[in-house]
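Working notes, structure below.
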Amino acid sequence: MQLTLKHLFVTATLLRVGFFLFGLYQDNNFLVKYTDIDYLVFSDAARYVYDGLSPYKRETYRYTPLLAWMLVPNSWGGIFAHFGKFLFMLCDILTGILISRNLAHSKISHRKKLIFLSIWLLNPMVVTISTRGSSESILTFFIMLSVDLYLNERYVEAAFWLGLSIHFKIYPIIYLPGLMLNLATKSPPFPLFRNVPVLKWLNSINVKFLVHTLISLTAWNVVMYYIYGYEFIYHSYIYHFTRLDHRHNFSLYNVMLYYKSAYPDVVSLTEMNCWSWLGQVSGHIEKVAFLPQLFLSAIILPLLLAQKDIIACLFVQTFAFVLLNKVITSQYFIWFLIFLPQFLANSKLSSPLNLKRSSIMIVMWSFSQACWLFYAYKLEFLGESTFTMGLFCSSVFFYLTNCWVLGQFIEYI
Numbered sequence: 038m039q040l041t042l043k044h045l046f047v048t049a050t051l052l053r054v055g056f057f058l059f060g061l062y063q064d065n066n067f068l069v070k071y072t073d074i075d076y077l078v079f080s081d082a083a084r085y086v087y088d089g090l091s092p093y094k095r096e097t098y099r100y101t102p103l104l105a106w107m108l109v110p111n112s113w114g115g116i117f118a119h120f121g122k123f124l125f126m127l128c129d130i131l132t133g134i135l136i137s138r139n140l141a142h143s144k145i146s147h148r149k150k151l152i153f154l155s156i157w158l159l160n161p162m163v164v165t166i167s168t169r170g171s172s173e174s175i176l177t178f179f180i181m182l183s184v185d186l187y188l189n190e191r192y193v194e195a196a197f198w199l200g201l202s203i204h205f206k207i208y209p210i211i212y213l214p215g216l217m218l219n220l221a222t223k224s225p226p227f228p229l230f231r232n233v234p235v236l237k238w239l240n241s242i243n244v245k246f247l248v249h250t251l252i253s254l255t256a257w258n259v260v261m262y263y264i265y266g267y268e269f270i271y272h273s274y275i276y277h278f279t280r281l282d283h284r285h286n287f288s289l290y291n292v293m294l295y296y297k298s299a300y301p302d303v304v305s306l307t308e309m310n311c312w313s314w315l316g317q318v319s320g321h322i323e324k325v326a327f328l329p330q331l332f333l334s335a336i337i338l339p340l341l342l343a344q345k346d347i348i349a350c351l352f353v354q355t356f357a358f359v360l361l362n363k364v365i366t367s368q369y370f371i372w373f374l375i376f377l378p379q380f381l382a383n384s385k386l387s388s389p390l391n392l393k394r395s396s397i398m399i400v401m402w403s404f405s406q407a408c409w410l411f412y413a414y415k416l417e418f419l420g421e422s423t424f425t426m427g428l429f430c431s432s433v434f435f436y437l438t439n440c441w442v443l444g445q446f447i448e449y450i
C-alpha cells in the first residue's frame, strides 16, 4: 500500500495524542514532570487575564498579552486546563499542512515529499515541545502562513501575518529585509532611485509590503500598549535585550552570562582566579550580543541569498540567528526546522551524491548537542561542577560545529 499525505497526517496526530497522554501519566507518577514550566506560567497569566487583571502579574511572564488571551480557556478548569496544549498541537499540525503546501512548489517525487514533511510531522523533538506546553507552534503557524501567502503572491495578507509574527516574538523581523530584496525582482525600481545605492531596490511592491507589515505590527503593539502600558513594552521586548539567562543554554555566551550574573558575589576564589576574566570582559554582553547576530542574519545573508532562493534564505537566516543568539534552547531549533523540508527539497544536500556529507552533518550536529547535554546532566542532576571547563568547552564545540554546518548549508544551496 502506498503511503499518502493522509496517512502521514493521521500518524502525526496520533503521535501527538500519544505523547500528550504519556505526559499526563508522567506528571502524575514521576518526580520529573513532563509539562514545561512555561505552560504553568502561561496558564497563570491567562487566569489573571480571565480575572480582568494584567498577565504580567505573573512573574516571569515575558510574552505578548495576546498569548495569555488565547489561553483564557485554561482558566475554566477540568479538561480545559489542557486547552493550551491542544491549541499548540493543532498549530503544530497546521504548520505541517502549510509546509506540505510549500513543498508543492518543489519538483520532487511524492516519496521525497513525504520524507521531507516527516522532518516536521514525525520529529520527536517537535512533538515533545508542543505536547509539553511550549507555545512555539503558534508562532511557526503564523510565520508559515505568511510565507505561504507570500509564495502565492498575496502580499498584503502575508504582510499582516508577518507583522503579527513580529509582535508575537520579535525575531521574525529578520525576514523583512530578505523578503523585500526578493520582491525587488518582481517590479522595476522607482525611476528616482534607479541609480541610488540601496534605494534602487525599492519598488511599488516591496514598499507596499513593508508598509502593510509595519501597519500590522504597529496596530497590535498600540492595542497592547493602550491596555497594559509600559509593562507590555518591557516584558515583551526590552527584557529580551537585557536578560541574563545561563541555564539550559547551548549558547557560546553561556559562561559569560553566568559570570556576569554571579560575579563577584557567588563565584568562588578558585574560579575567580581562573575564569572571572570572562565575567569582566563580558561587560554588557547581554545588551550588545544581538549586533553581530543581526548583521549576519538580517543584512549579509539576505544580500547573498534573497534573490537566489527565498526559502533557502529564510532557513539560513534563522539558523544563523539561533546560532548567534545569546540564549539557545532546544525549542529554538523549531524556528529553523519549519524551513528545512523545503530547503532540502531544493538543495544539493538531498542528492544521493551528497548522502555521506549530509550524514556527517547530522552526526556532528547531534554529537555536539550530546556533549553539552552530558555536562549539563552532571551539573543539574549529579551536582558536579562542570560549568567552567565542561559546559564552556562543549558550548564552543557546539558553536564551531554549527558554524561548519551553516557553511555547508550555504555552499550546497
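Under my numbering, the first residue of the sequence shown carries the number 38, and numbering increases by one thereafter. Glycine residues also receive a C-beta, built at the ideal position from the N, C-alpha and C atoms. Since the model is a prediction, treat every value here as computed from it, not as a measurement.
Using three-state DSSP, classify residue i as helix, strand or coil.
i       : result
His-119 : helix
Arg-84  : helix
Lys-149 : helix
Thr-425 : coil
Phe-287 : coil
Lys-223 : coil
Thr-366 : coil
Ile-447 : helix
His-44  : helix
Val-235 : coil
Lys-393 : helix
Gly-114 : coil
Ser-91  : coil
Phe-332 : helix
Ser-431 : helix
Thr-97  : coil
Ala-413 : helix
Gly-133 : helix
Glu-268 : helix
Gly-200 : helix
Phe-57  : helix
So, at 6 Å on beta carbons, what are the nonlocal neighbours of residue i in its own chain, with the 5 sequence-adjacent residues on each side left out?
i       : result
Ala-451 : A query on residue 451 cannot be resolved here, the shown segment of the chain reaching from 38 to 450 and no further.
Pro-92  : Ala-82, Tyr-85, Val-86, Tyr-98, Pro-102 and Ala-105
Leu-360 : Asn-439
Thr-401 : One point to set straight first is that residue 401 is Met, not Thr, in the sequence displayed. Excluding residues within five positions, the ones whose Cβ falls inside 6 Å are Thr-438.
Leu-381 : Phe-153 and Ser-387
Are there 16 or more other CB atoms within 10 angstroms of the CB of residue i, so buried, or fewer, so exposed?
i       : result
Tyr-71  : buried
Tyr-192 : buried
Leu-328 : exposed
Met-181 : buried
Arg-148 : exposed
Pro-225 : exposed
Asn-439 : buried
Asp-73  : buried
Trp-238 : buried
Ser-172 : buried
Asp-302 : Its pLDDT being 48, under 50, Asp-302 is placed unreliably by the model, and the measurement read from it follows with that caveat. So Asp-302 ends up on the exposed side.
Pro-378 : buried
Pro-339 : buried
Ile-375 : buried
Trp-113 : exposed
Asn-65  : exposed
Gly-55  : exposed
Leu-140 : buried
By Cβ distance, which residues of its chain are closer than 8 Å to residue i, with the 5 residues on each side in sequence left out?
i       : result
Asn-391 : Lys-385 and Tyr-449
Leu-159 : Leu-45, Thr-48, Ala-49 and Leu-52
Ser-431 : Ser-405, Cys-408, Trp-409, Phe-411 and Tyr-412
His-249 : Tyr-192, Val-193, Ala-196, Phe-197 and Gly-200
Tyr-274 : Ile-207
His-142 : Leu-188 and Gln-379
Leu-165 : It should be pointed out that residue 165 corresponds to Thr in this sequence rather than to Leu. Counting only Cβ-Cβ distances below 8 Å, and skipping sequence neighbours, we find Phe-56.
Lys-415 : Glu-421, Thr-423 and Gly-427
In chain order, what residues of the same chain have a beta carbon less than 7 Å from the beta carbon of residue i, not counting five sequence neighbours either side?
i       : result
Phe-434 : Ser-405 and Cys-408
The region 370–379 contacting the region 221–238, beta-carbon criterion three pairs below 8 Å: With a cut-off of 8 Å, the region 221–238 and the region 370–379 do not count as touching, because too few Cβ pairs lie within range.
Contact between the region 348–364 and the region 125–137 (3+ Cβ pairs under 8 Å): Too few Cβ pairs lie closer than 8 Å, so no.
Three-pair Cβ contact test at 8 Å for the region 249–269 versus the region 78–89: These segments do not touch.
Cβ contact (3+ pairs, closer than 8 Å) linking the region 172–181 and the region 198–211: Segments in contact, yes.
Touch test, the region 108–116 against the region 140–154, Cβ-Cβ under 8 Å, three pairs minimum: Flag = no, the region 108–116 and the region 140–154 do not touch.
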